[in-house]
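For the sequence shown, the positions run 1 to 205 when our numbering is used. This report refers to the structure that appears directly beneath it.
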Amino acid sequence: MNTYHHGNLKEELIACACRLCERDGYTKLSIRSLAKESGVSQTAPYRHFETKEALYASVATNGFKKLSEACYIDVEKKVTKKQLVDAGCRYIEFGLKNANTYDLMFGTAVGNFANYPDLLESANKTYDSFRSSFSKLANDSEDVIAFKCLTLWSMVHGLVGIIRKVHVVGNELNQTNQGPITSARIIADNLEQHLDRVLSGLIQN
């Protein structure tokens, strides 16, 4: 148990909540459990988080900020396809290594992001980074770029869940070539090559 007596209590509580979320899953995260883990009174967190959803929103905001940092590409410089492929790999790596936080970020525990401006901004920044980077490579109208970028993001996002399933299954299905897991395992083992092919197709078509 950590005891906080000084500094920015809200930031310290958010950091503690992020650790709890990743350790135990967001469904077990509550204002009561946060107070207990951080060593403050049961009422102290309520000064910063009026509801459990507000607490969830703060954890999700932190997650999106870290995801944006992981996928950052400086669009003021020349953007290459390799950079975007690498960013996609880092996105997937983040989702795999921070599974519980990722589930909170993209689940329904936080309803309308618009109710939490910081969360909405950080979530949009992640997507905007992909879109800005992709626009440097594609010779299309803004509408087409938006459509292609959403397609790319959906594919990368979906791969997080699929590869997580591959890791759960392990080598149990090595003796069969039926079903999607075998193909998913091949993609997981050749992720850069797969993303490069997908990205090339989106750029060219």
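Ideal Cβ positions, reconstructed from N, Cα and C, are used throughout, including at glycine. Treat the numbers as computed from the prediction; the structure is a model and nothing was measured.
Whole-number beta carbon distance between residue j and residue i, since they are thought to touch under 8 Å
{"i": "LEU13", "j": "LEU34", "result": "6 Å"}
{"i": "SER129", "j": "CYS71", "result": "6 Å"}
{"i": "VAL192", "j": "VAL75", "result": "It should be pointed out that residue 192 corresponds to Glu in this sequence rather than to Val. So it is not a contact: roughly 21 Å between Cβ atoms."}
{"i": "GLY88", "j": "LEU195", "result": "5 Å"}
{"i": "ASN98", "j": "GLU22", "result": "6 Å"}
{"i": "ILE31", "j": "PHE49", "result": "6 Å"}
{"i": "LEU137", "j": "LYS81", "result": "6 Å"}
Burial state of residue i, where buried means 16 or more other Cβ atoms lie within 10 Å
{"i": "ALA123", "result": "buried"}
{"i": "ASP24", "result": "exposed"}
{"i": "ALA114", "result": "exposed"}
{"i": "ASP103", "result": "buried"}
{"i": "VAL144", "result": "exposed"}
{"i": "SER141", "result": "exposed"}
{"i": "PRO45", "result": "buried"}
{"i": "ARG197", "result": "exposed"}
{"i": "THR61", "result": "buried"}
{"i": "ILE92", "result": "buried"}
{"i": "LYS78", "result": "exposed"}
{"i": "SER38", "result": "buried"}
{"i": "PHE134", "result": "buried"}
{"i": "ILE186", "result": "exposed"}
{"i": "VAL40", "result": "buried"}
{"i": "VAL168", "result": "exposed"}
{"i": "HIS5", "result": "With a pLDDT of only 48 at HIS5, under the threshold of 50, the placement of this residue in the model should not be trusted; the figure read from the coordinates follows. The residue in question, HIS5, is exposed, as its Cβ has fewer than 16 Cβ neighbours within 10 Å."}
{"i": "PHE148", "result": "Note that residue 148 is Lys in the sequence shown, not Phe. Buried is the call here."}
7 Å Cβ cutoff met for residue i and residue j
{"i": "LEU67", "j": "THR126", "result": "yes"}
{"i": "TYR56", "j": "VAL110", "result": "yes"}
{"i": "THR158", "j": "THR101", "result": "Per the sequence presented here, residue 158 reads as Gly, with Thr not at that position. Cβ atoms of GLY158 and THR101: not closer than 7 Å."}
{"i": "ASP152", "j": "LEU202", "result": "Before going on, a small fix: residue 152 reads as Leu here, not Asp. Cβ atoms of LEU152 and LEU202: closer than 7 Å."}
{"i": "VAL156", "j": "ALA188", "result": "no"}
{"i": "ALA17", "j": "VAL59", "result": "yes"}
{"i": "ILE162", "j": "ALA184", "result": "yes"}
Where the alpha helix (DSSP H) containing residue i begins and where it ends
{"i": "LEU29", "result": "Note, LEU29: premise wrong, no alpha helix (DSSP H); not H, not E."}
{"i": "LEU199", "result": "191-204"}
{"i": "ILE73", "result": "Segment: none, ILE73 is in no alpha helix (DSSP H) and carries neither H nor E."}
{"i": "PRO117", "result": "117-135"}
{"i": "PHE49", "result": "Where PHE49 is concerned, there is no enclosing alpha helix (DSSP H), given that its DSSP letter is neither H nor E."}
{"i": "VAL85", "result": "81-97"}
{"i": "PHE147", "result": "142-169"}
heavy atom of the ligand MG below 6 Å from residue i C-beta
{"i": "ALA184", "result": "Here there are no bound small molecules, and the ligand MG is not part of this structure."}
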